[in-house]
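Input: a single structure, listed below in structure tokens.
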Amino acid sequence: MAAKKLNLKDKYKLLTRDLDWEFSYEDRKKAFPYEDFEGIKINDWSKWEDPFRLTMDAYWKYQAEKEKKLYAIFDASSQHNGHLNVSDPRYINAIKLFLTGISPLEYQAYQGFAHVGRQFGGVGARVACQMQSIDELRHVQTQVHAMSQYNKYFDGFHDWTHMHDRVWYLSVPKSFFDDARTSGPFEFLVAISFSFEYVLTNLVFVPFMSGAAHNGDMATVTFGFSAQSDEARHMTLGLEVIKFLLEQDEGNVAIVQKWIDKWFWRGCRLLSIVGMMMDYMLPNKVMSWKEAWEVYFEEAGGALFKDLARYGIRMPQYADIVEKEKEHVSHQAWWTFYTYGHAAGFHTWIPTDAELDWLSEKYPDTFDKYYRPRWELAKKLESEGKRIYNNALPQLCNTCQIPMLFTEMSEPGQIAYRVSEYKGDKYHFCSDGCQHIFEEEPEKYVQSWLPAHQIYMGNCGGPDVPDILRDYYHFNLGADNLDMKGSPDEQRWNEWKKQG
Amino acid sequence: MSYQVTIEPTGDVIEVEEGQTILDAALRQGVWLPFACGHGTCATCKCQVLEGDVDIGDASPFALMDMERDEGKILACCAKPESDLVIEADIDVDDDFAGHPVQDFNAEVIAITNLSPTIKGIRFRLDREMAFQAGQYVNINVPGVEGSRAFSIANPPSQAGELELHVRLVPGGAATGWLHQELAVGDSLAVSGPYGQFFTRKSDSKDVIFIAGGSGLSSPQAMLLELLEEGDTRQMYLFQGARNVSELYNRELFEQLAAEHDNFHYIPALNAPEAGDNWQGFTGFVHDAVKAHFNGKFEGHKAYLCGPPPMIDAAITTLMQGRLFERDIHMERFFTKADGASDQPRSALFRKI
Chain A
1 MAAKKLNLKD
11 KYKLLTRDLD
21 WEFSYEDRKK
31 AFPYEDFEGI
41 KINDWSKWED
51 PFRLTMDAYW
61 KYQAEKEKKL
71 YAIFDASSQH
81 NGHLNVSDPR
91 YINAIKLFLT
101 GISPLEYQAY
111 QGFAHVGRQF
121 GGVGARVACQ
131 MQSIDELRHV
141 QTQVHAMSQY
151 NKYFDGFHDW
161 THMHDRVWYL
171 SVPKSFFDDA
181 RTSGPFEFLV
191 AISFSFEYVL
201 TNLVFVPFMS
211 GAAHNGDMAT
221 VTFGFSAQSD
231 EARHMTLGLE
241 VIKFLLEQDE
251 GNVAIVQKWI
261 DKWFWRGCRL
271 LSIVGMMMDY
281 MLPNKVMSWK
291 EAWEVYFEEA
301 GGALFKDLAR
311 YGIRMPQYAD
321 IVEKEKEHVS
331 HQAWWTFYTY
341 GHAAGFHTWI
351 PTDAELDWLS
361 EKYPDTFDKY
371 YRPRWELAKK
381 LESEGKRIYN
391 NALPQLCNTC
401 QIPMLFTEMS
411 EPGQIAYRVS
421 EYKGDKYHFC
431 SDGCQHIFEE
441 EPEKYVQSWL
451 PAHQIYMGNC
461 GGPDVPDILR
471 DYYHFNLGAD
481 NLDMKGSPDE
491 QRWNEWKKQG
Chain B
1 MSYQVTIEPT
11 GDVIEVEEGQ
21 TILDAALRQG
31 VWLPFACGHG
41 TCATCKCQVL
51 EGDVDIGDAS
61 PFALMDMERD
71 EGKILACCAK
81 PESDLVIEAD
91 IDVDDDFAGH
101 PVQDFNAEVI
111 AITNLSPTIK
121 GIRFRLDREM
131 AFQAGQYVNI
141 NVPGVEGSRA
151 FSIANPPSQA
161 GELELHVRLV
171 PGGAATGWLH
181 QELAVGDSLA
191 VSGPYGQFFT
201 RKSDSKDVIF
211 IAGGSGLSSP
221 QAMLLELLEE
231 GDTRQMYLFQ
241 GARNVSELYN
251 RELFEQLAAE
261 HDNFHYIPAL
271 NAPEAGDNWQ
281 GFTGFVHDAV
291 KAHFNGKFEG
301 HKAYLCGPPP
311 MIDAAITTLM
321 QGRLFERDIH
331 MERFFTKADG
341 ASDQPRSALF
351 RKI
């Protein structure tokens, strides 16, 4: 009789997952020193169910094939001047923000998963994290390659890693991931694998991939599809983590709930940048941020939290506030970037009249009432040669590090300020959510590296803002920053188009 | 027009409508397949086609690469059958699953009993023995009704030459209406089976909780009768939910079994007893009876649930809140015409629930 073919489960176990060994002379507890201190109790690692079963040989085979396909399209795009096919040069600024703000997070994810991929006692969890780590490294590389095409033709792409570590608004995504990576291994997985990859990831991918497709950026679309084919493993890992923790010990439920509350709020704050990209930075719109939130969080997330209720998990704290924020955050964020456009590493602009109408239509309850009048004023001032630039450094929230730009949801004309005192010092927050996170772990967040504060403390060179932007951030002043109108990007684009 | 899709290695069979995706049909028919994105970009639902023709649909070239297309791989979330199909999915066969082959039988009615005002017990003699596991079901073709209808087997597998089915009259249901009003002793029907992944996990020695609602008593009855016949010594609890005493059928059978076996416990629950019922037992929904009996703590048990979807959902919630999880909860949902198709978005958190 022919030998029975191994099923995928056994194959995964024998050929990939269980390259583990017994600790005969070392103390297992000492080998996995991070497993206990968060208060999570794991009673039986054997109950871990593999979220995916991909053997290492198949992994390399598939990934190699994906790369081949992807780089063929990158090459074709660069050979055929793909940069000229984008809908409008304003679109490129969304890509600049993505490269400086989000791509470095893929690298942080690579580092984070490599770390926790060493720290779990259970081999299934370790291997899943190690594979994700390799995926993330691939994602950062392919993103950089996808966007490198634009570096040849547009400003603002030249020093993204340097900027990521220093620039005021880039500290928002950077500190988000720093926070996750400096947590314990289980919190890291709840933060990144569950709250971000599973609950919120579609809200990043939809605008990124569909936005690229609607705006003629084939390299980015293709990269997006290639990454999305890995993303499923990351999402199923997030689901397995949450189930495993909740089932392992009753005491884990309250800890996991606290982490979900924290990382849902932190994720929502981070996504305000994505909301702004969708509503303002994509010349050809996909859907409004509000619509995306309704489809991808309220419907899909609603079904998820209905199921999680069976474990004793409730909707994330402040989900009611976030529901109201979908009407406001993108407008408040873009207005802030517009008024700080001299200090940004990409261009900003006033929406066209057609875009203002689109926003009025998509946000019937808020846009005309609160936001359109600002743009009408900005238009008027611009026509008088008095384009608004706000020269004071913004106060930053001590938790999310976003400038204090968000309003009370009950009173959209009033900026929300929260203050806490800790060991004699005052700390400022943009919201109840961020204040609550600080108060749970003040020792962690008093260490926040807040770019505006650092400037005032003299740690970023100077003495004046332009010196800091040029010497400390490495911005090419007059090229990377300021309004889209009159920028070198715009001038070059018009030249290319004239040549046909 | 619809196609039959057989999913290996479990052998589950689903009906897929023209233009419907395999994943959509599977999830709607209670067959779990791994999935995540649902629109062809993630490849979580990748399957191998073993037999038949299929339109691979809108699968992303990165999620389903050319070499995989050549090998006959598909993504269940986009693929639409163009003929009957056999596919192999990345799902586990339970070690307790015997995998008895599905066959066609001719079944002759030998007895019809009124079990309750709405439920008839129908006993058939098969043209030959059927190997099945207690808990599984058969499909019946009812004359004049398109498609087949599923009914769980109420007799233990030791009575392999017969079938006992409990048929509740579904308001407006053509098939159950015919079975209640037209079927007579001596008639013959075409039956196929056995089907389903609802069966006793005998390799697991934990104590067992059965929760049954309405005619969903059938499967637990078969499972219990078999375990007791085999002299199984674990503790077994049967919670039977009904509206009132007249709907609480086979009560004498279980009271007698409880008297004969120290390890079998029978707890009926009525949610709307009549004044004349003189009901002394638990009043309320069956999941609340379970909760009260175990003081809301279920660790260390296996649970088998069988009955209408709202009962199953309430019971799952009760069990999970008492820390019994998916791997120890097994269920058979009795969908009827009245339940309709559920269009609520579902999360990928649970596989079977």
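So the protein lines, in turn, are chains A and B. The first sequence begins at 1 in the UniProt record's numbering and counts up by one. The second sequence begins at 1 in the UniProt record's numbering and counts up by one. Built from N, CA and C at the ideal position, the CB exists for glycine as well.
> Between A/H162 and the rest of its own chain, which residues show a CB-CB distance below 6 Å, the 5 nearest in sequence each way excluded?
Replying inline: H474
> For A/T182, is the classification buried or exposed, using 16 other Cβ atoms within 10 angstroms of its Cβ as the cut-off for buried?
Replying inline: exposed
>> Tell me the residue span of the alpha helix (DSSP H) that contains A/A146.
In response: V123 to N151
>> Which residue wins for smallest C-alpha separation from A/P373, given the options A/Q332, A/D249, A/F337 and A/F74?
In response: A/Q332
>> So, with DSSP's three-state summary, where would you put A/K485?
In response: coil
>> Does A/Y338 come out as helix, strand or coil in the three-state DSSP assignment?
In response: helix
> Got a sec, what are the start and stop residues for the beta strand (DSSP E) B/F46 sits in?
Replying inline: Per the sequence shown, residue 46 of chain B should be read as Lys rather than Phe. Taken as a continuous stretch (DSSP letters only), the beta strand (DSSP E) holding B/K46 covers K46 to E51.
> Between which two residues does the alpha helix (DSSP H) harbouring A/K324 extend?
Replying inline: A319 to E325
> Mind checking A/Y456: buried by the 16 CB within 10 Å criterion, or exposed?
Replying inline: exposed
> Which stretch, first to last residue, makes up the beta strand (DSSP E) that contains B/R168?
Replying inline: E162 to R168
>> At a CB distance below 7 Å, what residues from the segment 221-242 of chain A approach chain B? Give them in sequence order.
In response: F225, S226, Q228, S229, E231, A232, M235, T236 and L239
> Is A/S487 buried or exposed, if buried means 16 or more other CB atoms sit within 10 Å of its CB?
Replying inline: buried
>> Which same chain residues end up closer than 7 Å to A/G251 when comparing Cβ atoms and leaving out the 5 residues on each side of it in sequence?
In response: K41
> Of the choices B/L75, B/A348, B/N106 and B/T118, whose alpha-carbon is the least far from that of B/Y249?
Replying inline: B/T118
>> Could you check whether the Cβ of B/P61 sits closer than 9 Å to any Cβ belonging to chain A?
In response: yes
> Name the chain A residues that come within less than 8 Å of B/F350, Cβ to Cβ?
Replying inline: D307
> Mind pulling the chain A residues with CB within less than 7 Å of B/I316?
Replying inline: R310
>> Strictly below 7 Å CB to CB, what residues from chain A border B/A43?
In response: S229 and A232
> Where do the ends of the alpha helix (DSSP H) carrying B/M331 lie?
Replying inline: Counting along the chain, B/M331 falls outside any alpha helix (DSSP H), though it belongs to the beta strand (DSSP E) covering I329 to R333.
> At a Cβ cut of 9 Å, what residues of the segment 36-69 of chain A count as close to chain B, listed as they run along the chain?
Replying inline: K47, E49, F52, R53, K61, Y62, E65, K66 and K69
> Using a Cβ-Cβ cut-off of 8 Å (strictly less than) and excluding sequence neighbours within five positions of B/Q29, which residues of its own chain qualify?
Replying inline: I14 and E15
> Is there contact between the segment 300-313 of chain A and the segment 315-331 of chain B, where contact requires at least three CB pairs shorter than 8 Å?
Replying inline: yes
>> Contact criterion: CB-CB distance below 9 Å. Does B/P220 meet it with respect to chain A?
In response: no
>> Among the candidates B/V286, B/C306 and B/F325, whose CA atom is the shortest distance from the CA of B/F298?
In response: B/F325
>> So if DSSP puts B/E88 in a beta bridge, which residue, or which two residues, is it bridged to?
In response: B/E8 and B/Q48
> If you count every other CB in all the chains shown that lies within 10 Å of the CB of B/G340, and 16 or more means buried, which is it?
Replying inline: Per-residue confidence for B/G340 stands at a pLDDT of 49, beneath the threshold of 50, marking its modelled position as unreliable; no derived number is given.
> Does the distance from the CB of B/R201 to the CB of B/G161 come in under 9 Å?
Replying inline: no
> If we ignore side chains and look at the alpha-carbon of each, how far apart do A/F223 and A/K66 end up?
Replying inline: 10 Å
>> Out of B/V49, B/D204 and B/D58, which one is the CA nearest neighbour of B/G300?
In response: B/D204
> How many Å lie between A/Q111 and A/F177 at the Cα?
Replying inline: 10 Å
>> Beta-carbon within less than 6 Å of A/C434's beta-carbon, same chain only, minus the 5 sequence neighbours each way: which residues are those?
In response: C397, T399 and C400
> Considering only the beta carbon of each residue, do A/I402 and A/S195 sit closer than 9 Å?
Replying inline: no
> Out of curiosity, what's the CA-to-CA distance linking B/R327 and A/H436?
Replying inline: 36 Å
> Going along the chain, which residues of its own chain have a beta-carbon closer than 6 Å to the beta-carbon of A/K362, five neighbours each way excluded?
Replying inline: S288
> Under three-state DSSP, which class holds B/T283?
Replying inline: strand
>> Does chain B have any CB closer than 9 Å to the CB of A/N7?
In response: yes
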